[in-house]
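Enquirer:
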Amino acid sequence: MTDGASLCLLAKRCKAEQMGLPIIAKFIGFSCVSMEPLMMPSGPALAIPLVLKQSGLTMGDIDIFEVNEAFASVIHYTKEKLKIPSHKLNPKGGAIAFGHPLGCTGARQLATLLPELQRIKGRYGIVSMCIGTGMGAAAIFENLEKY
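Here my numbering is used: position 61 in the sequence shown is 46, and no number is missing along the way.
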């Protein structure tokens, strides 16, 4: 467990343009799933396929998967279940390397995902996490920098 704080600003495009803010990514979609609390580590493996289906995208469309690793078993299960290539999964490290500050998981994941998508000139990335009460969440973002 580490200490941390974060902020991500999401806005409608017209408002961001009105305020002169740079537009670096687009929020594509979100899913949240539930399961028995003891199955909590399987949350990302269930939430990711759902958000892909809702968004009309496939696993092959995704350039980077940022999956929170509150426990190493989450990463292992998600990677094996979804057959995520190692080079696409947490390429800069995850919560075991960076820390796991409660309440800023998603913002930390975006702060890692978006610059890496820009660096590799990738288009789509997913952030996903398990939630300790028996849930999982996943969101897709599109890099709007030239790719």
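For every residue, glycine included, the Cβ atom is placed at its ideal position computed from N, Cα and C.
Taking its Cβ as the centre, do 16 or more other Cβ atoms sit within 10 Å of Asp48, making it buried, or is it exposed?
Expert: On the sequence shown, position 63 is the one that residue 48 refers to. By the neighbour-count rule (16 or more Cβ atoms within 10 Å), Asp48 is buried.
Enquirer: State the start and end residues of the unbroken alpha helix (DSSP H) segment that holds Ile111.
Expert: Locating residue 111 in the sequence shown gives position 126, counting from the first residue. Note, Ile111: premise wrong, no alpha helix (DSSP H); beta strand (DSSP E) at 109 to 116.
Enquirer: Check this for me: beta carbons of Cys115 and Ala55, under 9 Å apart or not?
Expert: Taking the sequence shown and counting its residues from 1, one reaches residue 115 at position 130. Taking the sequence shown and counting its residues from 1, one reaches residue 55 at position 70. Yes.
Enquirer: Using 10 angstroms around the beta-carbon of Gly5, count the other beta-carbons present and answer buried if the total reaches 16, otherwise exposed.
Expert: Translated into positions along the sequence shown, residue 5 becomes position 20. So Gly5 ends up on the exposed side.
Enquirer: Kindly indicate which residue of Gly107, Leu42, Phe50 has the alpha-carbon position closest to the one of Gly14.
Expert: Here residue 14 corresponds to residue number 29 of the sequence shown, with the count starting at 1. For Gly14, the nearest C-alpha among the options comes from Leu42.
Enquirer: Have a look at Cys(-1) and Ile8 and give me their C-alpha separation to the nearest angstrom.
Expert: Taking the first residue of the sequence shown as position 1, residue -1 is located at position 14. Taking the first residue of the sequence shown as position 1, residue 8 is located at position 23. Each residue's alpha carbon lies about 10 Å from the other.
Enquirer: Got a sec, what are the start and stop residues for the beta strand (DSSP E) Phe12 sits in?
Expert: Counting from one through the sequence shown, the residue named residue 12 turns up at place 27. Per DSSP, Phe12 belongs to the beta strand (DSSP E) from 10 to 19.
Enquirer: Which same chain residues end up closer than 8 Å to Met120 when comparing Cβ atoms and leaving out the 5 residues on each side of it in sequence?
Expert: For this step, residue 120 is matched to residue 135 along the sequence shown. Closer than 8 Å at Cβ, skipping near neighbours: Cys17, Val18, Ser19, Met20, Met25, Gly28.
Enquirer: For Leu129, which option in Pro34, Ala122, Thr118, Gly110 has the closest C-alpha, if you only look at C-alpha atoms?
Expert: Walking along the sequence shown from the start, residue 129 turns up at place 144. Of the candidates Pro34, Ala122, Thr118, Gly110, the one whose C-alpha sits nearest the C-alpha of Leu129 is Gly110.
Enquirer: Expressed to the nearest angstrom, what Euclidean distance is found between the alpha-carbon atoms of Thr90 and Asn53?
Expert: Counting from 1 along the sequence shown, the entry for residue 90 is found at position 105. Counting from 1 along the sequence shown, the entry for residue 53 is found at position 68. Looking at the two C-alpha atoms, the distance is approximately 7 Å.
Enquirer: Would Gly79 be called buried (16 or more neighbouring beta carbons within 10 Å of its own) or exposed?
Expert: One-based indexing of the sequence shown puts residue 79 at position 94. By the 10 Å Cβ count, Gly79 comes out buried.
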